[in-house]
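Notes follow once the structure below has been shown.
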DNA sequence: GGTTTTTCTTAAACAAGGTTAAGGTTATTT
DNA sequence: AAATAACCTTAACCTTGTTTAAGAAAAACC
């Protein structure tokens, strides 16, 4: 549980009282591989912080194909922010790709923490600003680059993830078929 | 200038003192069509709020082609958040598509406001959360839908923007050529 | 109000990426 | 340890989107 305090303290120092408030409202869980912590049609009840392991967040199209919106590993947050705040049903899934350890905070608890620790507004503002910049780069890539460029870029930007994830998952993240990714990898290895 | 106070007060009420602090640090400007408020190779100095008019934010690839990352009109904020906070050179441009009126806050002034009005952390956290959700939907679309679906979706989601922008700009935003957008429009009109 | 610049469209040839199907390999599960 | 399921690759064929070029229509500028 110390992990989440350390995480916050990377951004701003916390007092002993603040740390206690947070710990009282954060719950630790173990998650099995393939287990889902959010499913389409349900409200996203938690902000989830990953201590260990790896998750994917994805949508499923009318043909039943999964499309990976995001990966998250140690030290990342994952949740469907839209559903979390609006309390409307999500159209997304969040699923463990590995056996994982997480810390979860429920919506009402997080709101309580925001009210009692104003610092947390700042911390989460900065966290999401960073995620926003990342996502914006991804949008730019997706409208301006070929699949091969996007793949090479993914390898450079997330080497740890790349070596840890099956190519099927990476292909889904890049918006291409596994077959085409296979071709790209062949082309790259020939060069 | 009242516009920016109204905007903040959509999120949370402000005291008279807070309103004065904000006004003292926000500067109003008029911008001509085609004028740039950010260019590649420069640091993004301001958070910009749009009172009237419309802007595009874009990157330019090695062939000199522009790729629109984002449009922003009345009531929106626009800035290269990454460059703004890191004070590193931006790789993006922000350019007026129409004669516009804006309010700008410099980095040091915004940081001053954050320090003196903790509420603003909350307000900007919520603003960027909303923008994050929007962007995430766009990523999902871009990895899961055809150009035609993305165009139809754009028309539905941003009807005001769609009728206000030239198709060339929309094509750039969708990640397709103007020629292909033209074909899509023809196909849609035949149905 | 006329001129220049941008915008929109069409079409043919081409490239990027998808689909289907099949076989081989590596992980997981029991 | 065997059996099942997931993963990776190849290749032929098909679809989606790009390129190039050219002409018409509409805006913006002076």
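Chains as they are written, first to last, in our numbering: chain S, 598 to 788; chain Z, 598 to 788. Note that the Cβ used here is the ideal one computed from N, Cα and C, for glycine as well. Quick caveat: nothing in here was measured; it's all calculated off a predicted structure.
So, using beta-carbon positions, are residue i and residue j closer together than 8 Å?
i	j	result
residue 747/S	residue 733/S	no
residue 656/S	residue 643/S	no
residue 652/Z	residue 669/Z	yes
residue 729/Z	residue 755/S	no
residue 690/S	residue 766/S	no
residue 721/Z	residue 687/Z	no
residue 623/Z	residue 702/Z	yes
residue 683/Z	residue 650/Z	no
residue 647/S	residue 666/S	no
residue 824/Z	residue 726/S	Since the first and last residues shown for chain Z are 598 and 788, residue 824/Z lies out of range.
residue 615/S	residue 714/S	yes
residue 692/Z	residue 631/Z	yes
residue 735/Z	residue 662/S	no
residue 741/S	residue 658/Z	yes
Report all residues from its chain with a CB closer than 8 Å to the CB of residue i; omit the five preceding and five following residues, and keep chain order.
i	result
residue 779/Z	764
residue 563/Z	Because chain Z spans 598 through 788 in this model, residue 563/Z falls outside it and cannot be assessed.
residue 605/S	611, 619, 717, 720
residue 608/Z	719, 720, 723, 724
Under 8 Å, Cβ to Cβ, is there at least one residue of chain S near residue i?
i	result
residue 604/Z	no
residue 732/Z	yes
residue 762/Z	no
residue 735/Z	yes
Under a CB-based cut-off of 8 Å, is residue i close to chain Z?
i	result
residue 721/S	yes
residue 609/S	no
residue 658/S	yes
residue 740/S	yes
residue 729/S	yes
Could you tell me how far apart the beta carbons of residue i and residue j are, in whole angstroms, since I believe they sit closer than 8 Å?
i	j	result
residue 645/S	residue 699/S	5 Å
Please list, in chain order, all residues of the same chain as residue i whose beta carbon is under 6 Å from its beta carbon, the five residues on each side excluded.
i	result
residue 717/Z	710, 711
residue 694/Z	651, 653
For residue i, which residues in the same chain have their Cβ closer than 7 Å to its Cβ, ignoring the five residues on either side in sequence?
i	result
residue 775/S	764, 765, 768
residue 751/Z	759, 767, 771
residue 706/S	622
residue 634/Z	628, 645, 691
residue 773/Z	744
residue 792/S	Nothing in the structure corresponds to residue 792/S, since chain S is present only between 598 and 788.
Could you tell me if the beta carbon of residue i falls within a distance shorter than 7 Å of some heavy atom in the ligand MG?
i	result
residue 713/S	Judged by which ligands are present, the structure shown has none, so any question about the ligand MG falls away.
Q.
Under 8 Å, CB to CB, which of the residues in the region 695 to 727 of chain S have a partner in chain Z?
A. Answer in chain order: 711, 715, 718, 719, 721, 722, 725, 726.
Q. According to a CB-to-CB cut-off of less than 8 Å, which residues of the region 672 to 685 of chain Z neighbour chain S?
A. 678, 679, 682
Q.
Give me the subset of the region 635 to 666 of chain S whose CB atoms are less than 8 Å from a CB atom of chain Z, sorted by chain position.
A. 656, 658, 662, 664, 665, 666
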